[in-house]
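Heads up, the thing below is written out as structure tokens.
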Amino acid sequence: MTNQTRLHLPLGAPTVQEWVTALESGKYTFGTGVLRDERSAEVKHCALGVYADLCVQRGIGAWEPYGAWEPYGDGEHCTFFWKGPNSFRGDHYLTSLPIVWGLNTVYDRHTGRFEYVADINDFSKHGYQSVIEAIKDTDYV
Numbered sequence: 069m070t071n072q073t074r075l076h077l078p079l080g081a082p083t084v085q086e087w088v089t090a091l092e093s094g095k096y097t098f099g100t101g102v103l104r105d106e107r108s109a110e111v112k113h114c115a116l117g118v119y120a121d122l123c124v125q126r127g128i129g130a131w132e133p134y135g136a137w138e139p140y141g142d143g144e145h146c147t148f149f150w151k152g153p154n155s156f157r158g159d160h161y162l163t164s165l166p167i168v169w170g171l172n173t174v175y176d177r178h179t180g181r182f183e184y185v186a187d188i189n190d191f192s193k194h195g196y197q198s199v200i201e202a203i204k205d206t207d208y209v
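In the working numbering, the protein residues as written are 69 to 209.
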């Protein structure tokens, strides 16, 4: 089985290496379940949320409040979805271009198969580290 996955990154989008660097930087606080969570004093990002934040910093897309209802927020602090070209809102979260671009599929050497970054992020007990390992084990083409 090959560990290759195809990327469709548009011009100007952050590279996979820039994403890994951001995940390793210590700048972001690990979060689960949503791309960006401001419901506590510390803003949290899941691994795909870190990539989306890199996009926002480059002017690709923007953070928009998901809503002011529980469990997504209290009217003042809420979770965010990333809104960019061709992005759409699902029932519980936004399926965003970072996913469509192929970034959500990585090779997990522990299982020997492809997994979703969102699943590794949300169910691993090792924070970003498990996602970083899976990204590094994936041969992006």
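Think of the CB as a built atom: it goes at the ideal place given N, C-alpha and C, for glycine as much as any other residue.
Would you mind giving the Cβ-Cβ distance between C114 and N189, rounded to the nearest angstrom? I have them listed as a contact below 8 Å. The pair is a contact, with the Cβ atoms about 5 Å apart (cut-off 8 Å).
Based on Cα-Cα distance, which residue from V118, S93 and G94 lies nearest to D105? Ranking V118, S93 and G94 by Cα distance to D105 puts V118 first.
Which residue from E110, F98, T206 and P78 puts its Cα closest to that of F191? Nearest of E110, F98, T206 and P78 to F191, Cα basis: F98.
Among Q125, V102, Q85 and H178, which residue has its Cα nearest to the Cα of S198? The candidate whose alpha carbon is nearest that of S198 is H178.
Buried or exposed: D187, going by 16 or more other Cβ atoms within 10 Å of its Cβ? Classified as exposed, D187 has fewer than 16 neighbouring CB atoms from the shown chains inside 10 Å of its CB.
Mind checking which residues open and close the beta strand (DSSP E) that includes Y184? For Y184, the enclosing beta strand (DSSP E) stretches over residues R181 to Y184.
Going along the chain, which residues of its own chain have a beta-carbon closer than 7 Å to the beta-carbon of G80, five neighbours each way excluded? If you ignore the 5 residues before and after G80, its C-beta comes within less than 7 Å of the C-beta of R126 and I128, all in its own chain and listed in chain order.
Taking only three categories from DSSP, how would you classify A109? It is coil, neither helix nor strand.
Please report how far the alpha carbon of V84 lies from the alpha carbon of A130, in whole angstroms. So the two alpha carbons sit approximately 20 Å from each other.
DSSP-derived helix/strand/coil call for L75: It is coil, neither helix nor strand.
Can you check whether the C-beta of D190 is within less than 8 Å of a C-beta belonging to chain C? Among the chains of the structure shown, chain C does not appear; only one protein chain is present.
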